[in-house]
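For the sequence shown, the residue numbers in the working numbering are 1 to 192.
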Amino acid sequence: MIEESSFHFPESHLNILHLISAIAWADGDLSQEETDVLMELFKADLPIDPQPITYIDENMALYDSMSANSVIYEQVQERIQAELAFKNILDSYKNNPSTLEDLLIPIESLEDRSLAVKLAYMVIKASPDKNGNLICPQEKAIYRKLIQLLNIDGNLVQKIEWEADRELEKFQHPFKAFMENVKNILFKKIEI
C-alpha cells in the first residue's frame, strides 16, 4: 500500500502546473503525450528515479519494490508517490476548473510567465487532436488568450516558441515514432 505522499512542489512550479493543466484540459482530454511532456519537464521537482530492473515499455518501468536494499525501496516508494501526486495535480483541474485570469494571478515574474508560455506551447503541440490537427483548436484558443493576458512582447513569444520546438523534438523524434509503429504492428491483435 502506498502511503500519503510527503512530496510537495515548489509553490511557483505548482502555480505554473495548475495553469498548464487548464490549457491541457481545454479540449476536455489530458492525453498521455501531454502528461509525458509535463512529467519530463517537471522531473527535476520529483524525487530521484532509481534504476529500474527493466523497462516493460517506454511508459512503464519495473522496479524491485521489494528490494532488500532499503535505500532503493524508499526511492521507489518516494518516486511512485510523487508521480501519483503529480498526476493528481494534473487531473484536479478537471474537477475544479478555474479561469485563466485567476490562474495567472500568482504567476508574477517575467521568468515564470515566460516558463508558463513555453510549457503551454509544448503542451498544445504534444499531441494532435482526434481530427488529426497538429494543435487542437480549443487548446490553441486558450493559448492565444494566455499570450494576450500575459501581454508579453511578440518577439519574446516567438523566441520562447522556437526554444520549445527544439525541446519538443526529443519527444517527437522520428526513430521513436518509427519504433512505436513497429511495436503496434508486431503486437497487434490478430482476429480470425
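In this text, a Cβ means the ideal position worked out from N, Cα and C, and glycines have one as well.
I'd like the span of the alpha helix (DSSP H) that includes residue i, first residue to last.
| i | result |
| --- | --- |
| T35 | 32 to 41 |
| N15 | 11 to 24 |
| Q102 | The identity of residue 102 in the sequence shown is Asp, whereas the question assumes Gln. Counting along the chain, the alpha helix (DSSP H) containing D102 begins and ends at 100 to 104. |
| P137 | 137 to 150 |
| D165 | 154 to 168 |
| A120 | 110 to 124 |
Using a threshold of 7 Å, state whether the C-beta atoms of residue i and residue j are closer than that.
| i | j | result |
| --- | --- | --- |
| I107 | N15 | yes |
| A24 | E34 | yes |
| H13 | D45 | yes |
| L38 | L104 | no |
| A164 | L146 | no |
| S98 | S31 | no |
Using 10 angstroms around the beta-carbon of residue i, count the other beta-carbons present and answer buried if the total reaches 16, otherwise exposed.
| i | result |
| --- | --- |
| I190 | Residue placement at I190 is flagged as unreliable, the pLDDT there being 47, under the threshold of 50; a coordinate-derived value is accordingly withheld. |
| S21 | buried |
| K125 | buried |
| L110 | exposed |
| L134 | exposed |
| V71 | exposed |
| S84 | The question names Ser, but residue 84 in the sequence shown is Leu. Result: exposed. |
| E11 | exposed |
| E3 | Residue confidence for E3 is low, a pLDDT of 42 falling below 50, so the modelled location carries little weight; the figure read from the coordinates is stated next. By the 10 Å Cβ count, E3 comes out exposed. |
Please name the residue in the options whose C-alpha comes closest to that of residue i.
| i | options | result |
| --- | --- | --- |
| V157 | Y143, E169, K170 | Y143 |
| K170 | L115, V76, E40 | E40 |
| K118 | L90, L168, E11, D102 | L168 |
| E139 | L100, N155, W162 | L100 |
| D112 | K43, I152, S92, R166 | I152 |
| S92 | W162, R166, G28 | G28 |
| R166 | N155, M122, P137, D129 | M122 |
| L90 | Y73, E74, A141, F42 | F42 |
| W162 | I80, N88, S114, G132 | S114 |
| F9 | V76, Q75, Q77, Q81 | Q81 |
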